[in-house]
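S.K.: First residue of the sequence shown? That's 7 in my numbering, and the numbers climb one at a time after it. Every residue gets a Cβ at the ideal spot worked out from N, C-alpha and C, and that includes glycine. The structure under discussion is supplied below as structure tokens; questions concerning it will follow.
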Amino acid sequence: MLERQRRKNTTAVTFVLPGGDPPGPVSVVGTFNGWQPGAHVLQARSDGTRAVTVALPAKATHAFRYLAAGDYWFNDAGADGQDGPNSRLNT
Numbered sequence: 007m008l009e010r011q012r013r014k015n016t017t018a019v020t021f022v023l024p025g026g027d028p029p030g031p032v033s034v035v036g037t038f039n040g041w042q043p044g045a046h047v048l049q050a051r052s053d054g055t056r057a058v059t060v061a062l063p064a065k066a067t068h069a070f071r072y073l074a075a076g077d078y079w080f081n082d083a084g085a086d087g088q089d090g091p092n093s094r095l096n097t
């Protein structure tokens with residue numbers, strides 16, 4: 007799930023997943039962080055989910071995926087669409 011908060015020149019995007027599915031650490035990787043695993047690791051929230059917020063340039067398109075333990079890559083069903091094998095996000 008994606009949560010967005012528009013600001014003047016950026017959009018704060020919060021990437022949200024259930025607390026334990028998939029198990030272990032999960033990162034969001036994409037064009038906005040050079041596809042670098044571990045750059046944006048989702049952290050536990052009090053409501054039982056886990057999330058990370060990334061400030062992205064407004065009016066742009068980004069490709070991203072999640073990377074879980076065991077080299078498990080997966081997409082976000084709530085994304086704005088698909089960009090090849092990746093999820094697509096429009097800010």
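1. Is it buried or exposed for residue 17, if we count other Cβ within 10 angstroms and need 16 for buried?
2. Could you check where the beta strand (DSSP E) with residue 87 kicks off and where it finishes?
3. Note down the Cα distance separating residue 68 from residue 80, rounded to an integer number of angstroms.
4. Count the C-beta pairs between the region 11-27 and the region 56-70 that are closer than 8 Å, then say yes if the count reaches three, no if not.
5. Please classify residue 36 as buried or exposed, where buried requires at least 16 neighbouring CB atoms within 10 angstroms.
M.R.: So, from the listed chains and residues:
1. buried
2. 87-89
3. 16 Å
4. yes
5. buried
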